[in-house]
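Below: the structure, in structure tokens.
2 protein chains.
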Amino acid sequence: MRYSKFFGKTEKEVPSHASLKSHKLLHQAGFIRESTAGRYFFLPLGHRVQAKIMKIVKEEMDAAGGQEMLAPVLHPMELWKETNRDNTAGFELMNIEDRRGAEFALGGTAEEMFVDVTRKFQISYKDLPFNIYQFSTKFRDEMRARGGLLRVREFIMKDAYSFHRDEEDFKIEYKKMWHTYMNIFKRCGLDCVVVEADNGYIGGEYCHEFVVVSDAGESRFLITEDGKYAAHEDVATFQLDEVNVDEEMKEMETIDQPEWVQKMEDNEKHYGKDSRHFLKNVVYRSIHGDIIIATLRGDLEVNKVKLEQVLSLVGQLVEATDEDLKAIGSKTGFVHSWGHEFVGKGKHKVIYVADSSLKTVKNFIGGQKEDTNDTINVNYGRDFTHDIEGDIAMAHAGFKTADGKYTLSEDRGIEVGNIFQLGFHYSEKMKKATFVDNDGKGKPYYMGCYGIGIGRTLATIVEIHNDENGMVWPLAVAPFQVHLISIGKVGKDDEVLDRAEKLYNELEALGVEVLYDDRKESPGKKFADADLIGVPLRLVVSSRTMEKGGAEWKLRAGGEAEDVKFDDLNKKVEDFITG
Amino acid sequence: MRYSKFFGKTEKEVPSHASLKSHKLLHQAGFIRESTAGRYFFLPLGHRVQAKIMKIVKEEMDAAGGQEMLAPVLHPMELWKETNRDNTAGFELMNIEDRRGAEFALGGTAEEMFVDVTRKFQISYKDLPFNIYQFSTKFRDEMRARGGLLRVREFIMKDAYSFHRDEEDFKIEYKKMWHTYMNIFKRCGLDCVVVEADNGYIGGEYCHEFVVVSDAGESRFLITEDGKYAAHEDVATFQLDEVNVDEEMKEMETIDQPEWVQKMEDNEKHYGKDSRHFLKNVVYRSIHGDIIIATLRGDLEVNKVKLEQVLSLVGQLVEATDEDLKAIGSKTGFVHSWGHEFVGKGKHKVIYVADSSLKTVKNFIGGQKEDTNDTINVNYGRDFTHDIEGDIAMAHAGFKTADGKYTLSEDRGIEVGNIFQLGFHYSEKMKKATFVDNDGKGKPYYMGCYGIGIGRTLATIVEIHNDENGMVWPLAVAPFQVHLISIGKVGKDDEVLDRAEKLYNELEALGVEVLYDDRKESPGKKFADADLIGVPLRLVVSSRTMEKGGAEWKLRAGGEAEDVKFDDLNKKVEDFITG
């Protein structure tokens, strides 16, 4: 491809809101352009990389027995109603009505669609298992879309759905997909940490995220040194230290407290005890209007997703506002660990949730704080008890694993893929989602699903593979294999230009993917553009290299430039691209 | 691929509303399933064909210098407003609002998007020309979706947009795309007639449709025997015979007429003259509320698209109802050729349009028909004249070409692709859609666009390539190259089954695409399924063929079955698939 007529050339400026390296570089090098926030054009360079990633994903999925197909983008809303996901996924689901009044969802994921197409067939146990997948545009009505391709509102996802006779058979597939994903990301130049994660609105009982460690990521996870335990913060468990469980319970009393004692550090100073001895309350509101008060030990923080799981309100909690606190007769810093109710009558209720950590401390301070007093010697189980108890606290580096044997450290990264056990989550909610077993009876399929965001994978590769001059593409996903530069002026250096032209045609004829910078630009501009775009191998033909009977060979990833004779060049390029 | 675990097996039933052969066969053979009306799942078999068609399109587009990229599916509505297409394409455009209130169109075509991404760059004359294209899902809010994949509401389209310095450069591209399209359809096994067509809401001055002759199609076109003139009925011109232009104009008068004289044939009988001597009026309503009365010679019919073009109301006319006629004080059969106005005051108006044929007749009968009288000796230009005149009549077989030299015949077919001259239609309407010319001045780009519906192409191949037993895929677009069938029972014919298995593995290793029917089904069922699916080459391994040391070789397209020795088989298959 001639760069002179190539659409989407480099430019220096970056969008003012671009903060991530991948966002800046992909814009500058002409890989992407923003249409509206979170929706991107993939220009020819970006499209070529995306296509290569998709090819790798397809090859590995097919090798694992996957069967590619394609579902419509518009999903009949009745399907989402059948599984009640029109509600739980409501936050990010886009709806549309056609001019006959039929309602559709713009596909965010496609579990219902793939179950729906499967139940159109009479599936026998002999047909199982199978894994069907698609590459298709997905939509998420994100409130904030930022970070270039890392968090968008529209993207191509490979989503796969497997159907099984039983859990045992599913587990074989889950392992196979795990392995397949490791191969895919490795071929893309990415090392992954596989972490346990939360199923969220996908449903099912367990899942794993494939995370590439990077500061640009939003997935915070906890991991042991040997890597045997790795879990997203939303599911990471840890051992609670037993603070003073052997202490004798004292009588609860309300005591005066100076007005300056407001925050946790004030408490610690005033009472001379560390934060573990104090009660902490964190307030949320559900999208249905209920108020949730989470009570936990003063040194811990609430993990909202854990809390949502305990309440079966996945994706449905938001932080409470001053208005919300007022509605239950409270205000910031003065929330009680028990006893709040809505002021006046209403259909909503206050729900208290107790973290497991409340059982590790005797004689808590706090719980009923007022302007100039508070309670002390408060004991969970004696002075207050909540119907809902569970692990709702955030794990941190330095905590021990649940079995107490290992110390956790924390890291963050980009989630590039995930695999989900779904079990009977969909097949039991949706009618006739059954196969005929060998006993002649209809039984629900046991299912799994498996997703990879293609654009996010692309951006992640850039986050990992770059230097101060631009991107450094791994060969397997590079937009081109060779970046050929000619240096010379028409009229003066025609021999050089002709030789570059000849080389371009020869390499193209060999099937090498060449980006040929045939522009009348300065060598400096051409070299800078080549570095920015990051094609793995740069070849330069100039009067200097012509004198040596060849071209200059330089790898973008590093190393010295060398001169290679024209006679040896084509063979050497072929060897390079076939690895 | 093993058919035992293949998703989407054959079934006998067809959807009750399926009338077209391609719809029935693609359903029965397990290529597609309807999700909701006009939205289809492409099952693995259907997807494989679609992917092959896309690959052919891509190869030919790339060979012609096209650059693939990808635009978002959701188009910001402001862009459609910029070109006023939110109005003209309003009929079929789907709209959506996100939860921040931003408005989008679901892409139907993407002219605005491709201009928008281009104007994000400072394009110089040195960058031109370029042709950028995408494969992406398109949406049409069709009132009626029927005919399987031939008229749908959601489909993958290859849409290309070319940008040029001037018309001359564009014309080179137009010719190149024409040629490219012929190659594409030929490789897909389709012969096309290229017909002049109407640009519709795409805009621009001229375009061509690529039509595959078939009764299943909706494109009616007129063509001369030598094929040099071929035009869609919406643009086909023809020579009007001069009926009695030399006759002397008589005085117009109103005469009594029996009540039974209502229809054209009544008139012909009563007056003893052929239909050309009568005035005919056809009434439409625009979506804006105006009434349009088209007046023409009695032997001709109105072509609505021609009428819309004359009025610059593309896609905006509907047939008038009884209500509409009442609103202008008329009723069916009694519409006047001049003089109607809305009863009472209103913001709408009555617009008369005269067909060119009115100038070929003297002394018309009709024009002011009432219950028991009508006018005679009516002369256009003397007794009535309309501001808007033009060619609004439908061409028919037997008519002469406009130059009178050739006779037209008519045919119908399926429009599988089209190429459009756009000129400055978009670049002049959209701000900053300019390039910097060598004189330093900004000038609008001259443009063209080029579309192919992938699913419709697929269905068209089926309409053309089938027989009474099923589909007969051309090799280049077949879902698999070889359909391998093993015949034998486990335990009894293990040797046969093992040999089939070995053959399957050998062929797969050679890169041959094999659909291997390894099911425990009867030979009859397996043969019938193979015929229905229509893979080009069928190989059978049975105890009979084993005795002859080979497999049975049979082409789906016809010819006798033959036995081929295993020793020769792999080579012969390779030769077959490489053509």
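If you're matching them up, the sequences are chains A and B in order. Mapping to this note's numbering: the first sequence position 54 is 37, numbers consecutive. Mapping to this note's numbering: the second sequence position 390 is 373, numbers consecutive. Cβ atoms here follow ideal geometry from the backbone N, Cα and C, with glycine treated the same way.
Does any C-beta atom of chain A lie closer than 8 Å to the C-beta of residue i?
i, result
"serine -13 of chain B", "yes"
"methionine 77 of chain B", "yes"
"aspartate 512 of chain B", "no"
"serine -1 of chain B", "no"
"proline 59 of chain B", "yes"
"aspartate 198 of chain B", "no"
"alanine 416 of chain B", "no"
"threonine 19 of chain B", "yes"
"arginine 16 of chain B", "yes"
"lysine 103 of chain B", "yes"
Going along the chain, which residues of its own chain have a beta-carbon closer than 8 Å to the beta-carbon of residue i, five neighbours each way excluded?
i, result
"threonine 528 of chain B", "Ala534, Glu535 and Asp546"
"isoleucine 371 of chain B", "Val293, Leu294, Ile334, Tyr335, Val336 and Ala337"
"tyrosine 409 of chain A", "Thr66, Glu94, Glu95, Val98, Gly186, Ala416 and Met430"
"isoleucine 570 of chain B", "Nothing can be reported for residue 570 of chain B, as the shown portion of chain B is limited to -16 through 562."
Show which residues of chain A have a CB atom less than 9 Å away from the CB atom of residue i.
i, result
"glutamine 50 of chain B", "Met(-16), Lys(-12), Phe(-11), Phe(-10), Gly(-9), Leu26, Pro27 and His30"
"lysine 109 of chain B", "Ser(-13), Lys(-12), Arg502 and Lys503"
Give a yes or no on whether the minimum CB-CB distance between residue i and chain B is below 8 Å.
i, result
"proline 427 of chain A", "no"
"leucine 441 of chain A", "no"
"aspartate 81 of chain A", "yes"
"leucine 53 of chain A", "yes"
Residue i touches chain B at which residues, Cβ-Cβ below 9 Å?
i, result
"valine 56 of chain A", "Arg22, Val56, Leu89, Thr120, Phe122 and Glu137"
"alanine 85 of chain A", "Thr19 and Ala20"
Hey, is residue i's beta-carbon within less than 8 Å of any beta-carbon in chain C?
i, result
"valine 98 of chain B", "Included in the structure are the protein chains A and B, with no chain C among them."
Leaving out the 5 sequence neighbours to the left and right, which residues in its chain are closer than 7 Å to residue i when beta-carbon positions are compared?
i, result
"tryptophan 243 of chain A", "Asp249"
"glutamate 324 of chain B", "Ile311 and Val333"
"glutamate 216 of chain A", "Arg203, Phe204, Leu205, Asn286, Met377 and Ala378"
Excluding the 5 residues preceding and the 5 following residue i in the sequence, name in chain order all residues of the same chain whose CB lies nearer than 6 Å to its CB.
i, result
"alanine 20 of chain A", "Ala128"
"phenylalanine 413 of chain A", "With the sequence shown as reference, residue 413 of chain A is identified as methionine, and phenylalanine is not the correct amino acid for it. Glu65 and Val98."
"lysine 576 of chain B", "Missing from the structure shown is residue 576 of chain B; chain B here goes from -16 to 562 and no further."
"glutamine 404 of chain B", "Gly187, Glu188, Tyr189 and Gly431"
Using a Cβ-based criterion (distance less than 7 Å to any ligand heavy atom), does residue i qualify as near the ligand ADP?
i, result
"lysine 426 of chain B", "For the ligand ADP, the structure offers nothing, since it holds no ligand at all."
(request) Anything in the segment 111 to 134 of chain A with a Cβ closer than 7 Å to a Cβ of chain B? List those residues in chain order, please. (result) Phe113, Ile115, Thr120 and Asp124
(request) Check whether the segment 264 to 277 of chain A touches the segment 299 to 316 of chain A, taking contact to mean three or more Cβ pairs, one atom from each stretch, closer than 8 Å. (result) yes
(request) Below 7 Å between beta carbons is the criterion; list the residues of the segment 147 to 158 of chain B that meet it against any residue of chain A, in chain order. (result) none
(message) Can you confirm whether the segment 171 to 188 of chain A touches the segment 359 to 376 of chain A when touching is taken to mean that 3 or more C-beta pairs between the two stretches lie within less than 8 Å?
(response) no
(request) Decide yes or no for the touch test of the segment 458 to 472 of chain A against the segment 189 to 199 of chain A: beta carbon pairs closer than 8 Å, at least 3 of them. (result) no
(request) Flag this pair as touching only if the segment -4 to 7 of chain A and the segment 496 to 509 of chain A have three or more C-beta atom pairs under 8 Å; answer yes or no. (result) no
(request) State whether the segment 492 to 501 of chain B contacts the segment 542 to 560 of chain B, with contact taken as three or more CB pairs (one from each stretch) at a distance under 8 Å. (result) yes
(message) Quick test of the definition: if touching needs 3 or more C-beta pairs under 8 Å, does the segment 481 to 491 of chain A touch the segment 43 to 55 of chain A?
(response) no
(message) With three or more C-beta pairs closer than 8 Å as the rule, is the segment 346 to 360 of chain A touching the segment 312 to 321 of chain A?
(response) yes
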